[in-house]
Ligand code: SF4
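Numbering (this note's numbering), first residue to last: 10 to 74.
Shown next as structure tokens:
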């Protein structure tokens with residue numbers, strides 16, 4: 010599964026990085042970047058937590074076509 014951050018909505022709170030530091034990285038521009046192409050199975054629960062915790066609802070799964 011792939012995850013994405015909507016950069017127009019992200020306000021750099023960093024809750025995603027706290028929840029799943031192996032997946033999200035807050036950079037100097039205060040926007041969260043996704044570090045992986047595919048989210049490994051062992052990280053899915055942490056990504057789900059990041060989606061719940063993001064105060065801007067900026068994180069979402071990418072729907073597979
Ligand atoms: S928690 Fe949401 S608003 Fe905060 S840095 Fe992560 S994606 Fe951006």
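Just so you know, even glycine gets a beta-carbon here, dropped at the ideal spot from N, CA and C.
- In this structure, the ligand SF4 has a non-hydrogen atom nearer than 7 Å to the beta-carbon of residue 41.
- Counting of Cβ neighbours within 10 angstroms places residue 13 among the exposed residues, the total staying below 16.
- With a cut-off of 7 Å, the C-beta of residue 48 is classified as distant from the ligand SF4, since no heavy atom of the ligand falls inside that distance.
- In the three-state scheme derived from DSSP, where H, G and I count as helix and E and B as strand, residue 34 is classed as strand.
- Taken atom to atom, the span from the alpha-carbon of residue 10 to that of residue 37 is near 27 Å.
- Annotation for residue 35 indicates a beta carbon within 7 Å of some heavy atom of the ligand SF4.
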